[in-house]
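Each residue of the sequence shown is one higher than the one before, counting from 1 in UniProt numbering.
What follows is one structure encoded as structure tokens, with my remarks underneath.
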Amino acid sequence: MATPVTRRRPDPAAALAQYRRRAACYDFELAPFEPVRLQAVAALHLQRGATVLDVGCGTGLSFPLLHGRIGAGGHIVGIDQSPAMLARARQRVREHGWGQVQLVCAPAAAARLAGGADAALFHLVHDVLRDDAALVNVLRHLKPGAQVVATGLHWAPPWLWPANAFVLLAALYSATSLEGLARPWDKLAARLDEVAVREVLGGAMFIASGSCRAGRRRVKP
Ligand SMILES: C[S@@+](CC[C@H](N)C(=O)[O-])C[C@H]1O[C@@H](n2cnc3c(N)ncnc32)[C@H](O)[C@@H]1O
């Protein structure tokens, strides 16, 4: 049987099962990592009225921060393939009465979106970051110069073995393949300009940012 250790690429069916199991307790489990989300959203440098794609949005934990920056005139497009996670996101949107949030239940590689978004967030979505087709599809819906931020787990230097023990356990729990954990941002970074990567949480996590290249084929707004 394939496991995250033996798989060479993400497995969408395994990811669906993983997040069907986790949906009910996901927000509680994520609480210790919320400071990383704050930094990730800040790195998007969102303007009032902006449209932002939240790729692999899960239960919508980033929505309050995103909404706080873009205001009532902005738009959030949350994309996630897990109906169980999106049901929780939908409930969050309803409870806050946000009118400008669109939820798209689809794999990031196949999501049909309107073009011309100002920014994209890939927060804790290792499987998406290792999926070329997903990156191509999301990036072609961004404006040239759009800000892109990605975060996630990554291997710390070998001597930081406690950090790496955490990375291993957390990745087994939250991703379907360990492939690319040394530089999870590299496929995305190859498609962006002005890339910057920094380590957080003692080297166990990263925040990568960059801007969308001009000149690639994109979907018109
Ligand atoms: C660790 S959760 C992160 C959720 C959210 N970004 C957050 O910050 O809390 C990973 C999410 O990615 C979603 N996901 C995994 N693979 C995906 C894919 N190929 N396309 C869309 N969503 C995907 C899962 O369903 C899950 O909701």
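Glycine included, C-beta positions come from ideal geometry on N, C-alpha and C.
In chain order, what residues of the same chain lie with their CB nearer than 7 angstroms to the CB of P4, ignoring the 5 residues before and after it? A171, L172, A175, T176, S177, L178
Contact check, L113 vs V104, beta carbons under 9 angstroms: yes
Using only alpha-carbon positions, find the residue among P157, A120, R21, A208 that is nearest to L66. A120
Whose CA, out of G56, V136, G99, lies closest to the CA of G74? Nearest to G74 by alpha-carbon distance, out of G56, V136, G99, is G99.
Can you tell which of V55, L16, E34, N164 has its C-alpha closest to the C-alpha of residue 237? Residue 237 cannot be examined here, being either before or after the span of the chain that is shown, 1 to 221.
Report yes or no: do three or more beta-carbon pairs, one from the segment 161-169 and one from the segment 74-91, lie closer than 8 angstroms? no
Assuming contact is defined by CB atoms lying nearer than 9 angstroms, are G58 and L153 in contact in what I supplied? No. Outside cutoff.
If you scan the segment 116-180 from start to end, which runs of the alpha helix (DSSP H) of 4 or more residues do you find wholly inside it? 126-129, 132-139, 161-174
Can you find a heavy atom of ligand 1 that lies under 8 angstroms from the Cβ of P12? The answer is yes for P12.
Considering A87, what are the terminal residues of the alpha helix (DSSP H) in which it resides? Per DSSP, the unbroken alpha helix (DSSP H) holding A87 starts and ends at 83-96.
May I ask you to list the residues that DSSP assigns as paired with S62? Secondary-structure assignment with DSSP links S62 through no beta bridge to anything.
Distance check for S211 and A146, CA to CA, integer angstroms please. Their backbone Cα atoms lie some 5 angstroms apart in a straight line.
Burial state of F63 (16 or more Cβ within 10 Å): Result: buried.
What are the partner residues of G68, as DSSP defines its beta bridges? None, per the DSSP bridge assignment.
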